[in-house]
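**Student:**
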């Protein structure tokens, strides 16, 4: 596998030693620089594998990436009641399942199968959540009200790699648990850390005899520190950020952080497939829709294949129902990735065929307070140009959500460096034209393109068909302009479904 220079450098650091002589690090490259591959190769070189802890939506993607690099390695996605194969090299679990699988994980650690942990989206362990306690330890309340201290997983393994592209230095308190996970000396005292780097001050809840006030301690001592005023509650506020230059210096030797603009050997366009597993509720809905299609297929065989009787048949309508279940199931995953990109200062384009997907993502952006503009086939030319102008010129507008056909041609969106396809069109040319809204003259950086694929669904069949046809692969991955009939893609997908279910 060909690696970029910055990835080779990252692997060299990750397989080396931190200032304390261990192999624990914070890998904080910005989105699109290939953090996952760096972590996989480093873990393989040091330990032959690792325990990967990640959000549920990323488990399949990790499995896929490992298999791409080390196809002979065994990868086990841990689940309650699942079978443990001790010949596996890699074990994957999502954060929310950690508490339920501590026994299985502990057994694998005792057997020497797990010596290293890769914590993906490591900002998930901020605060005092159960997931953070499972990783770094803490106090747990028993049924009788007493508390007991328990060690987290980091005490049981040799090293930890925390992986996140989120700029956690904006809120230093959110970095503390990560520092604890990698064994940084600053994590020895949360109080000292908060006072030095978070501008800690105390908040008071007071009663003056007439009403309650919630005020900083400084205000209390300046105005309310007198007889009759009672402090009912006090707590620390660690939301500030102080001495950041010093904090950055303290992270040297522990943190690997590169931004896209700092990396010189990146190509103009990087295309990635983000494969994930849909949750149980959506999986049931998909299965019901799929069973309905199989019954329809048996009752309505297609006699011969041509553009007229395939594209205009009800088969296309029925298969579109499968695609629509997939697109609804992935909205939350896409929204998480958009937020991460925006947090890193990026602008993002999201393409979809479906108005409901466009509306859902737009609504989520508005709820999060992220500037967004949307473009569908119903928009007139004046609104269309106004949307493009606001995205290109207004720094507050971070996201452009568009119908893949309406927004995929004739407009310039070079302010974006990230393009996301929420779903796939039947025509490879449509994809190519859409991603070229950002990848065109005026674009000064690398464009990262992501296809979101729901595992175990028709989307896998569509992607496999696209991969298996060389001329279509050129269309999507190389940008060549060979003509490919839409009907040939649809025909091949239907044949795959029929072959797998007969």
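In my numbering, the protein residues as written are 201 to 702. In this text, a Cβ means the ideal position worked out from N, Cα and C, and glycines have one as well. In this text the structure is predicted, and so the values were computed from the model without any measurement.
For residue 318, write down the residues that DSSP places opposite it in a beta bridge.
**Tutor:** Partner(s): 252, 361.
**Student:** Identify whether residue 646 lies in helix, strand or coil by the three-state DSSP scheme.
**Tutor:** Reduced to three states, the DSSP call for residue 646 is coil.
**Student:** Return the chain-ordered ranges of every beta strand (DSSP E) run that is complete within the segment 384-454 and spans a minimum of 3 residues.
**Tutor:** Within the segment 384-454, the complete beta strand (DSSP E) runs of at least 3 residues are 401-407, 412-416, 430-437.
**Student:** If I'm right that residue 622 touches residue 552 with Cβ under 8 Å, what's the distance once you round it to whole angstroms?
**Tutor:** About 4 Å separates the two Cβ atoms, so the contact holds.
**Student:** At what residues does the beta strand (DSSP E) containing residue 573 begin and finish?
**Tutor:** Looking at the DSSP string, the run of the beta strand (DSSP E) that includes residue 573 is 571-575.
**Student:** Residue 302 to residue 427, Cα distance in whole Å?
**Tutor:** Looking at the two C-alpha atoms, the distance is approximately 52 Å.
**Student:** Using a Cβ-Cβ cut-off of 7 Å (strictly less than) and excluding sequence neighbours within five positions of residue 201, which residues of its own chain qualify?
**Tutor:** Excluding residues within five positions, the ones whose Cβ falls inside 7 Å are 269.
**Student:** Could you check the C-alpha separation between residue 761 and residue 571 for me, to the nearest Å?
**Tutor:** Here the chain has residues from 201 to 702 only, and residue 761 is not among them.
**Student:** Which residue marks the beginning of the beta strand (DSSP E) containing residue 475, and which one marks its end?
**Tutor:** 469-476 is the span of the beta strand (DSSP E), which, as asked, contains residue 475.
**Student:** Shortest alpha-carbon distance to residue 405 belongs to which of 386, 421, 430, 395?
**Tutor:** Residue 405 has its Cα closest to that of 430, out of 386, 421, 430, 395.
**Student:** Relative to the alpha-carbon of residue 559, which residue among 603, 283, 358 has its alpha-carbon at the smallest distance?
**Tutor:** Of the candidates 603, 283, 358, the one whose C-alpha sits nearest the C-alpha of residue 559 is 603.
**Student:** Tell me which residues share the same chain as residue 257 and place their Cβ nearer than 6 Å to its Cβ, disregarding the 5 neighbours each side in the sequence.
**Tutor:** Around residue 257: 476, 533.
**Student:** By the three-class DSSP mapping on this structure, what secondary structure does residue 230 have?
**Tutor:** Of the three classes helix, strand and coil, the one that applies to residue 230 here is coil, per DSSP.
**Student:** How far does the alpha helix (DSSP H) with residue 283 in it extend, from its first residue to its last?
**Tutor:** Unbroken run through residue 283: none, as it is neither H nor E.
**Student:** Along the chain, where does the beta strand (DSSP E) containing residue 621 start, and where does it finish?
**Tutor:** First-last of the beta strand (DSSP E) with residue 621: 618-621.
**Student:** Going by C-alpha distance, which of 527, 385, 437 is nearest residue 219?
**Tutor:** Nearest of 527, 385, 437 to residue 219, Cα basis: 385.
**Student:** Taking only three categories from DSSP, how would you classify residue 679?
**Tutor:** The predicted model places residue 679 with a pLDDT of 47, which falls under 50 and marks its position as unreliable, so this point remains unresolved.
**Student:** May I ask you to list the residues that DSSP assigns as paired with residue 652?
**Tutor:** Answer by DSSP bridge pairing, in chain order: 474.
**Student:** In terms of residues, what are the limits of the alpha helix (DSSP H) holding residue 535?
**Tutor:** Looking at the DSSP string, the run of the alpha helix (DSSP H) that includes residue 535 is 531-543.
**Student:** Can you tell which of 409, 273, 659, 402 has its C-alpha closest to the C-alpha of residue 420?
**Tutor:** Per the Cα distances, 402.
**Student:** Can you confirm whether the segment 317-332 touches the segment 281-298 when touching is taken to mean that 3 or more C-beta pairs between the two stretches lie within less than 8 Å?
**Tutor:** Touching, yes, given that three or more Cβ pairs across the two stretches are closer than 8 Å.
**Student:** Can you confirm whether the segment 467-474 touches the segment 431-444 when touching is taken to mean that 3 or more C-beta pairs between the two stretches lie within less than 8 Å?
**Tutor:** Too few Cβ pairs lie closer than 8 Å, so no.
**Student:** Give a yes or no on whether the C-beta atoms belonging to residue 263 and residue 277 are separated by under 9 Å.
**Tutor:** Yes, they are a contact pair.
**Student:** Looking only at its own chain, which residues have a Cβ that is under 8 Å from the Cβ of residue 640, when we skip the five neighbours before and after it?
**Tutor:** Only 612, 614 meet the Cβ criterion.
**Student:** Span of the beta strand (DSSP E) holding residue 290?
**Tutor:** Taken as a continuous stretch (DSSP letters only), the beta strand (DSSP E) holding residue 290 covers 290-294.
**Student:** Give me the Cα-Cα distance between residue 315 and residue 249, rounded to the nearest whole angstrom.
**Tutor:** If I take the Cα positions, the gap works out to 8 Å.
**Student:** Got a sec, what are the start and stop residues for the beta strand (DSSP E) residue 598 sits in?
**Tutor:** Segment 597-603, the beta strand (DSSP E) holding residue 598.
**Student:** Which of the three DSSP states, helix, strand or coil, is assigned to residue 242?
**Tutor:** If DSSP states are grouped into helix, strand and coil, residue 242 belongs with the helices.
**Student:** Exposed or buried, what is residue 307 when buried is set at 16 or more other beta-carbons lying within 10 Å of its beta-carbon?
**Tutor:** When all chains shown are included, residue 307 counts as exposed.
**Student:** Answer yes if the segment 568-586 comes into contact with the segment 647-661, meaning at least three C-beta pairs across the two stretches below 8 Å, and no otherwise.
**Tutor:** The segment 647-661, when compared against the segment 568-586, does not touch it at the 8 Å Cβ threshold.
**Student:** Tell me which same chain residues have a C-beta within less than 7 Å of the C-beta of residue 490, skipping the five on either side of it?
**Tutor:** For residue 490, where only same-chain residues beyond five positions count, the Cβ hits under 7 Å are 522.
**Student:** Between the segment 355-366 and the segment 222-237, do at least 3 Cβ pairs fall closer than 8 Å?
**Tutor:** With the cut-off at 8 Å, the segment 355-366 and the segment 222-237 touch.
**Student:** Can you tell which of 548, 325, 626 has the C-alpha that lies nearest to the C-alpha of residue 620?
**Tutor:** If we check each option's Cα against that of residue 620, 548 comes out closest.
**Student:** For residue 283, count the other beta carbons within 10 Å of its own beta carbon; 16 or more makes it buried, fewer makes it exposed. Which is it?
**Tutor:** Exposed, by the Cβ-count rule.
**Student:** Would you call the segment 435-446 in contact with the segment 386-401, where contact means no fewer than 3 C-beta pairs closer than 8 Å?
**Tutor:** The segment 435-446, when compared against the segment 386-401, does touch it at the 8 Å Cβ threshold.
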